[in-house]
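These notes concern the structure reproduced below.
2 protein chains.
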Amino acid sequence: MRTRPLKVALLGCGVVGSEVARIMTTHADDLAARIGAPVELAGVAVRRPSKVREGIDPALVTTDATALVKRGDIDVVVEVIGGIEPARTLITTAFDHGASVVSANKALLAQDGAALHAAAEEHGKDLYYEAAVAGAIPLIRPLRESLAGDKVNRVLGIVNGTTNFILDKMDSTGAGYQEALDEATALGYAEADPTADVEGFDAAAKAAILAGIAFHTRVRLDDVYREGMTEVTAADFASAKQMGCTIKLLAICERAADGGSVTARVHPAMIPLTHPLASVRGAYNAVFVESDAAGQLMFYGPGAGGAPTASAVLGDLVAVCRNRLSGATGPGESAYAALPVSPMGDVVTRYHISLDVADKPGVLAQVATVFAEHDVSIDTVRQQGKDGEASLVVVTHRASDASLSGTVEALRKLDTVRGVASIMRVEGE
Amino acid sequence: MRTRPLKVALLGCGVVGSEVARIMTTHADDLAARIGAPVELAGVAVRRPSKVREGIDPALVTTDATALVKRGDIDVVVEVIGGIEPARTLITTAFDHGASVVSANKALLAQDGAALHAAAEEHGKDLYYEAAVAGAIPLIRPLRESLAGDKVNRVLGIVNGTTNFILDKMDSTGAGYQEALDEATALGYAEADPTADVEGFDAAAKAAILAGIAFHTRVRLDDVYREGMTEVTAADFASAKQMGCTIKLLAICERAADGGSVTARVHPAMIPLTHPLASVRGAYNAVFVESDAAGQLMFYGPGAGGAPTASAVLGDLVAVCRNRLSGATGPGESAYAALPVSPMGDVVTRYHISLDVADKPGVLAQVATVFAEHDVSIDTVRQQGKDGEASLVVVTHRASDASLSGTVEALRKLDTVRGVASIMRVEGE
Numbered sequence: 001m002r003t004r005p006l007k008v009a010l011l012g013c014g015v016v017g018s019e020v021a022r023i024m025t026t027h028a029d030d031l032a033a034r035i036g037a038p039v040e041l042a043g044v045a046v047r048r049p050s051k052v053r054e055g056i057d058p059a060l061v062t063t064d065a066t067a068l069v070k071r072g073d074i075d076v077v078v079e080v081i082g083g084i085e086p087a088r089t090l091i092t093t094a095f096d097h098g099a100s101v102v103s104a105n106k107a108l109l110a111q112d113g114a115a116l117h118a119a120a121e122e123h124g125k126d127l128y129y130e131a132a133v134a135g136a137i138p139l140i141r142p143l144r145e146s147l148a149g150d151k152v153n154r155v156l157g158i159v160n161g162t163t164n165f166i167l168d169k170m171d172s173t174g175a176g177y178q179e180a181l182d183e184a185t186a187l188g189y190a191e192a193d194p195t196a197d198v199e200g201f202d203a204a205a206k207a208a209i210l211a212g213i214a215f216h217t218r219v220r221l222d223d224v225y226r227e228g229m230t231e232v233t234a235a236d237f238a239s240a241k242q243m244g245c246t247i248k249l250l251a252i253c254e255r256a257a258d259g260g261s262v263t264a265r266v267h268p269a270m271i272p273l274t275h276p277l278a279s280v281r282g283a284y285n286a287v288f289v290e291s292d293a294a295g296q297l298m299f300y301g302p303g304a305g306g307a308p309t310a311s312a313v314l315g316d317l318v319a320v321c322r323n324r325l326s327g328a329t330g331p332g333e334s335a336y337a338a339l340p341v342s343p344m345g346d347v348v349t350r351y352h353i354s355l356d357v358a359d360k361p362g363v364l365a366q367v368a369t370v371f372a373e374h375d376v377s378i379d380t381v382r383q384q385g386k387d388g389e390a391s392l393v394v395v396t397h398r399a400s401d402a403s404l405s406g407t408v409e410a411l412r413k414l415d416t417v418r419g420v421a422s423i424m425r426v427e428g429e
Numbered sequence: 001m002r003t004r005p006l007k008v009a010l011l012g013c014g015v016v017g018s019e020v021a022r023i024m025t026t027h028a029d030d031l032a033a034r035i036g037a038p039v040e041l042a043g044v045a046v047r048r049p050s051k052v053r054e055g056i057d058p059a060l061v062t063t064d065a066t067a068l069v070k071r072g073d074i075d076v077v078v079e080v081i082g083g084i085e086p087a088r089t090l091i092t093t094a095f096d097h098g099a100s101v102v103s104a105n106k107a108l109l110a111q112d113g114a115a116l117h118a119a120a121e122e123h124g125k126d127l128y129y130e131a132a133v134a135g136a137i138p139l140i141r142p143l144r145e146s147l148a149g150d151k152v153n154r155v156l157g158i159v160n161g162t163t164n165f166i167l168d169k170m171d172s173t174g175a176g177y178q179e180a181l182d183e184a185t186a187l188g189y190a191e192a193d194p195t196a197d198v199e200g201f202d203a204a205a206k207a208a209i210l211a212g213i214a215f216h217t218r219v220r221l222d223d224v225y226r227e228g229m230t231e232v233t234a235a236d237f238a239s240a241k242q243m244g245c246t247i248k249l250l251a252i253c254e255r256a257a258d259g260g261s262v263t264a265r266v267h268p269a270m271i272p273l274t275h276p277l278a279s280v281r282g283a284y285n286a287v288f289v290e291s292d293a294a295g296q297l298m299f300y301g302p303g304a305g306g307a308p309t310a311s312a313v314l315g316d317l318v319a320v321c322r323n324r325l326s327g328a329t330g331p332g333e334s335a336y337a338a339l340p341v342s343p344m345g346d347v348v349t350r351y352h353i354s355l356d357v358a359d360k361p362g363v364l365a366q367v368a369t370v371f372a373e374h375d376v377s378i379d380t381v382r383q384q385g386k387d388g389e390a391s392l393v394v395v396t397h398r399a400s401d402a403s404l405s406g407t408v409e410a411l412r413k414l415d416t417v418r419g420v421a422s423i424m425r426v427e428g429e
C-alpha cells in the first residue's frame, strides 16, 4: 500500500459534509485498505469558521474555498455546498488545478452537467455524483455501469423524500396538504421554505440527471416538465382509493415507443397499490428501472439525510481515489445517442379527470363526445349526483398529453361542465 | 473511437450465452459507443456444435474451448458454462493468455474465488461476475463500489427464484411443498433435478460471494450454514400467518454485534408481512443491505433467466473492455479485514417452535423451565388442545443458535413432549 496520503478538500461542512469528515476520520483504516493508500482531509471550506465542528481540526478550516481548490496538491475535491454558484466555479477551478471532483449537487449537474463533464474530460479527471440522486441509493453507478450493456426504456421513481412523506401522511390519515406539510416541517422532513421540494424542482433536477444517464442523451433541467404536488387534495386520495391506487410524486423518464426520442417529467400521479412504488413509505425513495434485457429492477433506500448522503459521497471518493492511483478515469459523460427530448404534449399516458357537472340528462353524452372528438378513449366513467350538481369521474385509456389538454379545454367550454375539479395522470400499469 | 475491435470469446451458448451473443450483435453500435471501441465475437465454445444457433456465424463455433482461450488475441473471455470444471481451468488459462474474464459462475466463485482473483491480479487482468448473484440485479457493483466508503453490517436476501416461486405458491394457495414444486417444474421455474435450488446450495454459493464482498473477508461455500426448504409445510405457513409473517428462503450474511466476526447462512425463515422482502413474489429476487451510514437499501429484480443474466454479463463486459482500453483494472478481491467466520451456533436470532405435547396441567411450566435453563427467553406462547393431545407454539426472544439447539434437545427428552413439529427462525425485525 502507498503510504503517501491522497489529499481531500471538503467544500461545505453542513449536514452532509460533517458526516463525510466524521466517516473519513473514524473509518480511516478501512478507507485506506479499500483504496490502497490513506486519505487525508487537507482542508475544509466553510462559511462560518467560528462554528465548533466536532472531530475536525480547526487548523483545516478556511473560508477561502477558492484558495483551497487552487492549492495544487489536492487530489479530490468533495463539493457538498449545493446551489449553482460558487459551486460551479469551484469545481471547474478544481479541475484546472489537477483535482478530481465528487459532488452531491443535483441542481448544478442538472443545469450544467455537460460543461462540468467536459471540463473533467479536458483535464483527464473524474466527476462522480452518486449522492446527487436519491441519497444513499446506488443509482447513478448501476445505471451507467451495471446497465451499460442493456437498453433502458424507462426510469420511474420517487426521488424526493419530503413530498413522499407528505403524500404518505395524506394517504394514511386523510389529512389535507397543508396539515401534512405542517407535520413534515415540525418533524424536520420539510424545510422552512419547502418550495424546491413541493413544487417538484428538486425531483426535476434528479429526473434530468437520470434521463441523461439512462438514455445517453443530454437532458437539462429545462427539458423536464414539472408540476408540483401542492394541489393534491384529500378528495384526490379518496378517488385514488376507489381505483385501487395511491398518489405519489413521480419522476418519469421514458424512451418513446419508436425509440427516436425521450421525455422527462415530474408530477403527482396515481399508481396502483400493487405497484412496488406504492408501498414506499415516509421519506424513503425508490426508483424503478425498466430495460430490454434486465426487465424490471427496483432500488430502494433513504433518499436524503446526512449519513446516507455521506455514504454515497464516500463510495465515490473511494472510486475516484482508486482511479487516481491507477492513473485511469471512470466513465465520463455518455451522450452519444443525442436523442431529441420531446415536449410534454407528446407524452402518452392515462388520465383520471374529475368534473363538476350539471345533474341533468345528456351530460355524459356531451362529455363523451368531447373525449371522442379529441381521440381520447374512455376506460371508465363514474357519475355521482348531489343536490342538482353531479360529479363525473373519467379514467381514460392511453392518450397523448396534447390530446388530453385539448379535451380539457373543450370540456371547460361546455355549459354543462361547471368546473374541472382535478386532472391526474395514472402511471405504473 | 478506436476502430480495432476488442475480441470476446464466449464459453457456453445456452440460455444465457445465446442472449449475450444476440445482444452483442443487435446492440453492437451502442456497445461500441459506450466502450469507445467495437467489440467482436471472436469465438463461441460449445459442447454440441451441430445445434443451430440463430444469429451466430457457424464459423465462430468450436468445441475446443481450451484452444479458444489460448489464442492470445482474446481481450475478454465470457464464461457462462457454470460448474467447477472445465470452467476453472479455462478461466485461469484465459488469464495466462492475457484475457480478462467475465463470469456468471456462482458455484466456482463461491468455492475458488480467492484463487481466481489471485490469478487475475497476478496477470493484471479483471475478473467481474455481477451475473453470479441475483441475475440482472446490480448487487456486486453496488456492494463493492457504491458502498466502498460505508460499513455493511447485514445482507439479507431472497437470492433463489425457484424456491421463492414455490414458497410464494404455498403461501398464496395453501398448497404443500410437493404440489408447489410440481407446478414450478411444469412452468419451467424448477429444473428436473431441483436439488441445488430447494436444498439451498445455489443460495449458499451466492451468500458466500455476498458475504465476502460485504465484509472484505474470504467466505467460502463451506463456511455457509445451509438448510433447504423441502420440509416447510402448509402448517408452517398457517403458523406464520398467525404471527403476521410469511416464509422465505433467506440468505443472511451478518457482522457480529461486536464487529469481530461474521456469519453466513441460508435457511427458511419467517419474516413479517410488513418487511419489504415479504412482498417479493414469484421468481423475483431481492436483497436488503444494512450499513452504518446508508441505512437500509433494497435491490429488487429478476434473479435468473437468459436475458436478465445477459444484461449483467454485458454490463461487466462494457466495464472490462473500458478498463482494457485505459490500461487499468477494476476493483479486485478485497479481503483485508479477514474476519473469522463464526459457526451457526453463534448466530443470534429469534425462533418459532411448534411442539406436540400431552394435554395435561403442568406441561407449559415444564417446557418454560427448559427454555429458562438454556437462557432462551420466551416472547409468546400459544396453547391449542385437541383430543388429549395439545400443541404449544413458542416464539422466543433473540438467542444463540447453540442455546436454542440445547433447548430443543432437552425438550425432546421430556415425557410430556411428544414431538417437535417444527423449528423456524424469525428474521427481519
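Quick mapping for you: the protein sequence lines, in order, are chains Z and V. Taking the UniProt record's numbering, the leading residue of the first sequence gets 1, the next gets one more, and so forth. Taking the UniProt record's numbering, the leading residue of the second sequence gets 1, the next gets one more, and so forth. By construction, the Cβ of each residue, glycine as well, lies at the ideal position given by its N, Cα and C atoms.
Report the option in Leu297(V), Gly161(V), Lys106(V), Val8(V) whose CA atom is closest to the CA atom of Ala134(Z). Leu297(V)
Meets three-Cβ-pair contact criterion under 8 Å: the segment 228 to 239 of chain Z and the segment 331 to 347 of chain Z: no
Strictly below 7 Å CB to CB, what residues from chain C border Glu145(Z)? Protein chains Z and V are contained in the structure displayed, whereas chain C is not.
By how many angstroms is the C-alpha of Lys151(V) removed from the C-alpha of Ala399(Z)? One C-alpha to the other measures close to 47 Å.
Evaluate contact between the segment 117 to 129 of chain V and the segment 249 to 268 of chain V, counting only Cβ atoms and requiring at least three cross-stretch pairs below 8 Å. no
Nearest-angstrom Cα separation, counted from Val15(V) out to Phe165(Z): 43 Å
Specify the secondary structure class of residue 473(V) as computed by DSSP and reduced to three states. Any answer about residue 473(V) is impossible in this case: the structure gives chain V only from 1 up to 429.
In or out: Thr217(Z) buried (at least 16 other Cβ within 10 Å) or exposed? buried
Does the separation of the CB atoms of Val44(Z) and Ala21(Z) fall below 9 Å? yes
Residue 444(Z), buried or exposed, once every other Cβ within 10 Å from all chains shown has been counted against 16: With chain Z covering only 1 through 429, there is no way to say anything about residue 444(Z).
Over what stretch of residues does the alpha helix (DSSP H) that includes Thr173(Z) continue unbroken? Per DSSP, Thr173(Z) belongs to the alpha helix (DSSP H) from 161 to 173.
Taking 9 Å as the threshold (beta carbon to beta carbon), is Thr329(V) in contact with chain Z? yes
Report the rounded CA-to-CA distance for Asp202(Z) versus Arg220(Z), giving the unit in angstroms. 13 Å
Tyr128(V): contacting residues in chain Z (beta-carbon distance under 7 Å): Result: empty, since nearest Cβ-Cβ is about 10 Å, beyond 7 Å.
Which residues does DSSP list as the beta-bridge partners of Cys245(Z)? Pro272(Z)
Distance, His352(V) Cα to Ser422(V) Cα: 8 Å
Does the beta-carbon of Leu187(Z) have 16 or more other beta-carbons within 10 angstroms, so that it is buried, or is it exposed? exposed
Sequence-distant residues of the same chain with beta carbon closer than 6 Å to Ser100(V), five excluded per side: Val76, Lys125, Asp126, Val320
Does the segment 235 to 242 of chain Z come close enough to the segment 187 to 200 of chain Z to have 3 or more Cβ pairs within less than 8 Å? They do not touch, by the three-pair rule.
Ignoring anything shorter than 4 residues or poking outside the UniProt domain "ACT" (352 to 425) of chain Z, list the alpha helix (DSSP H) runs there in chain order. 363 to 373, 401 to 412
Start and end of the beta strand (DSSP E) containing Glu290(Z)? 284 to 291
Strictly by DSSP, which residues pair up with Lys206(Z)? In the DSSP output, where bridge partners are listed per residue, Lys206(Z) has none listed.
Residues near Ala337(V) by beta carbon distance below 7 Å, same chain, minus five either side: Phe215, His216, Thr217
Name, please, each residue of chain V whose Cβ falls closer than 7 Å to the Cβ of Ser18(Z). Per Cβ cutoff of 7 Å: no residues; Ser18(Z) is ~12 Å from chain V at best.
Assuming Ala307(Z) and Glu19(Z) are in contact, meaning their beta carbons sit under 8 Å apart, how far apart are those beta carbons, in whole angstroms? 5 Å
Could you name the residues of the segment 23 to 34 of chain V whose beta carbon sits closer than 8 Å to any beta carbon of chain Z, in the order they occur along the chain? Ile23, His27, Asp30, Leu31, Ala33, Arg34
9 Å is my cut-off, CB to CB: does residue 431(Z) come that close to chain V? It is not possible to answer for residue 431(Z), since the shown part of chain Z is limited to 1 through 429.
Using a Cβ cut-off of 9 Å (strictly closer), state whether Tyr336(V) contacts chain Z. Output row for Tyr336(V): interface = yes.
The segment 404 to 414 of chain V in contact with the segment 250 to 260 of chain V per 3-pair CB rule at 8 Å: no
Apart from the five residues just before and just after Leu273(Z), which ones in its own chain have a Cβ nearer than 7 Å to its Cβ? Gly244, Cys245, Thr246
Excluding the 5 residues preceding and the 5 following Leu60(V) in the sequence, name in chain order all residues of the same chain whose CB lies nearer than 8 Å to its CB. Leu41, Ala42, Gly43, Val44
Members of the segment 228 to 261 of chain V that neighbour chain Z once the beta carbon cut-off is set at 7 Å: none
Cutoff 7 Å; reference Ile140(V); Cβ partners in own chain excluding five residues on either side: The beta carbon of Ile140(V) lies closer than 7 Å to those of Tyr129, Glu130, Val133, Ile213 in the same chain, with the five residues before and after it left out.
At least one CB of chain V closer than 9 Å to the CB of Asn164(Z): is that the case? no
Would you list the one or two residues that DSSP bridges to Ala251(Z)? Gly157(Z), Val266(Z), per the DSSP bridge assignment.
Can you name, in chain order, every residue of its own chain whose Cβ lies under 6 Å from the Cβ of Asp375(V), other than the five neighbours on each side? Ser403
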